[in-house]
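Visitor:
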Amino acid sequence: VQFDGFQVEVATFRTDGEYKDGRHPTEVKFATPQEDALRRDFTINAMFYDPLNKTIYDFVEGRKDLNAQIIKAVGDASKRFEEDKLRMLRAVRFSAQLDFAIEEQTLKAIQKKRREVMVVSKERIHQELTKMFASKALLRGLKYLKETHLNEVLLESFKNFKDFENRFDKSVQLLKNFKNLDETTKLSLFFHPFFENTFNSLSAIEDFLKDFKFSSQIIKAIKFNFEQLKWMQTFMTHREGEVLEFIFSPEGKTFLSYYAE
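Right, dumping it as structure tokens:
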């Protein structure tokens, strides 16, 4: 509905039927606002505002959790994630976007059901990851990605690296050193440690990105960083002029800061 210069989405209050595919209900029925709130994912997403009466309807203590900056599942967290597996990744993404903590029982439910996230289509996972890497509190999101072990599930193709956790921690540390980067650069830096000293792993990274529907622009940026890494590892064999030019380039500053760690 077009209203006062805005586009407003309109939906009826509803309850959901049985979930069979881990994402969508088999049927929906008209319901009361309270019934609708009880089937939603997180309490902060389950409040309603009546613009005519200027009243907030909060049946799940969403306002309390909003003020406390907490991501908490509505009702039984395991049941919410059983209904829609994507909600596990959405919890992590919301923590990165809002810089909120994930409530303990919600966190434990994600840890328990983490492997079920792969039921979700790669396109939807890609959307959540893209939003997370564009978020203001990405480091918090990555912290929860590790704490829930979702990082191990999503990065399964890299688990054959014996030092997988160390490489993941290096990725986080590298991103911690740089501010105000676009999501393409952040994603490129994130994957840097996964091909450090393992040149043949670039193909694994490219396959992963293609599988999760990332753009050719991001894949190209990853390859560019790979070439810079190879250059750094032969640093002392280059002419003085080349070395100085690299040191004062944006790419050089990025890589030198990384190796300084």
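Mapping the sequence shown onto the working numbering, position 13 (from 1) lands on -3, and the numbers just tick up by one. Just so it is clear, CB atoms sit at the ideal spot from N, CA and C, and this is done for glycine as well. What you are looking at is a predicted structure, and each value in this text was computed from that prediction instead of being measured.
Tell me whether the beta-carbon of GLU136 lies closer than 8 Å to the beta-carbon of ARG74.
Guide: The sequence position of residue 136 within the sequence shown is 152, counting from 1. The sequence position of residue 74 within the sequence shown is 90, counting from 1. No, Cβ-Cβ distance for GLU136 and ARG74 is not below 8 Å.
Visitor: Rounded to whole angstroms, what is the Cα-Cα separation between PHE183 and HIS176?
Guide: Looking up residue 183 in the sequence shown gives position 199. Looking up residue 176 in the sequence shown gives position 192. Confidence is the limiting factor: at PHE183 the pLDDT is only 49, short of 50, which leaves the residue's position unreliable, though a coordinate-based value still follows. Distance between the alpha carbons of PHE183 and HIS176: 11 Å.
Visitor: Quick one: is ASP195 buried, meaning 16 or more other Cβ sit within 10 Å of its Cβ, or exposed?
Guide: Counting from 1 along the sequence shown, the entry for residue 195 is found at position 211. With fewer than 16 other Cβ atoms within 10 Å, it is exposed.
Visitor: Under a three-way DSSP split, which group does PHE183 fall into?
Guide: Here the question's residue 183 lines up with position 199 in the sequence shown. Because PHE183 sits at a pLDDT of 49, beneath the cut-off of 50, its placement in the model cannot be relied upon, and the following sentence gives the value as read from the coordinates. In the structure shown, PHE183 sits in a helix (DSSP, three-state: H, G or I).
Visitor: With a Cβ-Cβ cutoff of 8 Å, do ILE158 and LEU173 count as a contact?
Guide: On the sequence shown, position 174 is the one that residue 158 refers to. On the sequence shown, position 189 is the one that residue 173 refers to. The identity of residue 158 in the sequence shown is Leu, whereas the question assumes Ile. Closer than 8 Å, so yes.
Visitor: Could you please give the first and the last residue of the uninterrupted beta strand (DSSP E) stretch that includes THR(-1)?
Guide: Position 15 of the sequence shown, counting from 1, holds the residue named residue -1. Counting along the chain, the beta strand (DSSP E) containing THR(-1) begins and ends at -2 to 0.
Visitor: Distance, Cα to Cα, GLU149 vs LYS106?
Guide: Position 165 of the sequence shown holds residue 149. Position 122 of the sequence shown holds residue 106. Rounded to whole angstroms, GLU149 to LYS106 spans 23 Å at the Cα level.
Visitor: When you compare the CB positions of GLY125 and ALA80, do they come within less than 8 Å of one another, or not?
Guide: By one-based count along the sequence shown, residue 125 stands at place 141. By one-based count along the sequence shown, residue 80 stands at place 96. Cβ atoms of GLY125 and ALA80: closer than 8 Å.
Visitor: Report buried or exposed for GLU87, applying the criterion of at least 16 other Cβ atoms within 10 angstroms of its Cβ.
Guide: Along the sequence shown, one-based indexing puts residue 87 at 103. Buried is the call here.
Visitor: ARG108: which of GLU190, ASP68, THR10 sits nearest, CA to CA?
Guide: Indexing the sequence shown from 1 puts residue 108 at position 124. The option with the nearest alpha carbon to ARG108 is ASP68.
Visitor: Taking the alpha helix (DSSP H) that PHE148 falls in, what are its first and last residues?
Guide: Locating residue 148 in the sequence shown gives position 164, counting from the first residue. Note, PHE148: alpha helix (DSSP H), 148 to 160.
Visitor: Whose C-beta lies closer than 6 Å to the C-beta of THR116 among residues of the same chain, with five residues either side of it excluded?
Guide: Counted from its first residue, the sequence shown places residue 116 at position 132. In the sequence as displayed, the identity of residue 116 is Met instead of Thr. Correct list, in chain order: ARG77, ALA80, GLY125.
Visitor: Provide the residue(s) that pair with ALA85 in DSSP beta bridges, ordered along the chain.
Guide: Here residue 85 corresponds to residue number 101 of the sequence shown, with the count starting at 1. DSSP, once it has assigned bridges, lists ILE54 as partnering ALA85.
Visitor: Cα separation between THR169 and ALA205?
Guide: On the sequence shown, position 185 is the one that residue 169 refers to. On the sequence shown, position 221 is the one that residue 205 refers to. One C-alpha to the other measures close to 7 Å.
Visitor: Report the partner residues of TYR33 according to the DSSP bridge assignment.
Guide: As a first step, residue 33 is located in the sequence shown; it is residue number 49 there, counting from the start. As DSSP reads the structure, TYR33 sits in a beta bridge with ILE40.
Visitor: When the Cα of PRO17 is compared with those of GLU(-7), PHE43, GLU11, GLU2, which residue comes out closest?
Guide: As a working note, residue 17 is residue 33 in the sequence shown. Checked all of GLU(-7), PHE43, GLU11, GLU2; the closest Cα to PRO17 is PHE43.
Visitor: Opposite PHE(-13) in the DSSP bridges: which residues?
Guide: Against the sequence shown, residue -13 aligns to sequence position 3. For PHE(-13), which the question treats as bridged, DSSP gives the partners PHE(-10).
Visitor: Taking Cβ positions, are PHE32 and ILE55 nearer each other than 8 Å?
Guide: Numbered from its first residue, the sequence shown carries residue 32 at position 48. Numbered from its first residue, the sequence shown carries residue 55 at position 71. No; because the gap between Cβ atoms is not below 8 Å, this pair is not in contact.
Visitor: Put PHE248 into one of helix, strand or coil per three-state DSSP.
Guide: The question about residue 248 has no answer, for the chain in this structure spans -15 to 245.
Visitor: CB-CB under 8 Å to VAL(-6), same chain, minus the five flanking residues each way: which ones, in chain order?
Guide: Taking the sequence shown and counting its residues from 1, the one referred to as residue -6 is at position 10. The residues are VAL(-15).
Visitor: Identify the continuous alpha helix (DSSP H) that holds PHE65 and give its terminal residues.
Guide: The count along the sequence shown starts at 1 and reaches residue 65 at position 81. Element bounds for PHE65: 61 to 67.
Visitor: What is the residue span of the alpha helix (DSSP H) that LYS143 lies within?
Guide: Taking the sequence shown and counting its residues from 1, one reaches residue 143 at position 159. Element bounds for LYS143: n/a, residue is neither H nor E.
Visitor: Give every residue of the same chain whose Cβ lies closer than 6 Å to the Cβ of LEU134, excluding the five residues on either side of it in the sequence, and list them in chain order.
Guide: By 1-based counting over the sequence shown, the position of residue 134 is 150. Hits under 6 Å: ARG98.
Visitor: In the DSSP output, which residue or residues are listed as bridge partners for PHE14?
Guide: Along the sequence shown, read from residue 1 onward, the residue named residue 14 stands at position 30. Paired residues: ARG(-2).
Visitor: Evaluate PHE152 with the Cβ neighbour count: other Cβ atoms within 10 Å of its Cβ, from every protein chain shown; 16 or more gives buried, anything less gives exposed.
Guide: By one-based count along the sequence shown, residue 152 stands at place 168. Buried is the call here.
Visitor: Closest to ASN164 by CA distance: which of ALA118, SER199, VAL156 is it?
Guide: Stepping through the sequence shown from its first residue, residue 164 is reached at position 180. The candidate whose alpha carbon is nearest that of ASN164 is ALA118.
Visitor: Can you tell me whether ILE28 is buried or exposed, with buried defined as 16 or more other CB within 10 angstroms of its CB?
Guide: Taking the first residue of the sequence shown as 1, we reach residue 28 at position 44. Result: buried.
Visitor: Can you name the start and end residues of the alpha helix (DSSP H) that GLU131 belongs to?
Guide: The residue you call residue 131 lines up with position 147 of the sequence shown. Looking at the DSSP string, the run of the alpha helix (DSSP H) that includes GLU131 is 122 to 131.
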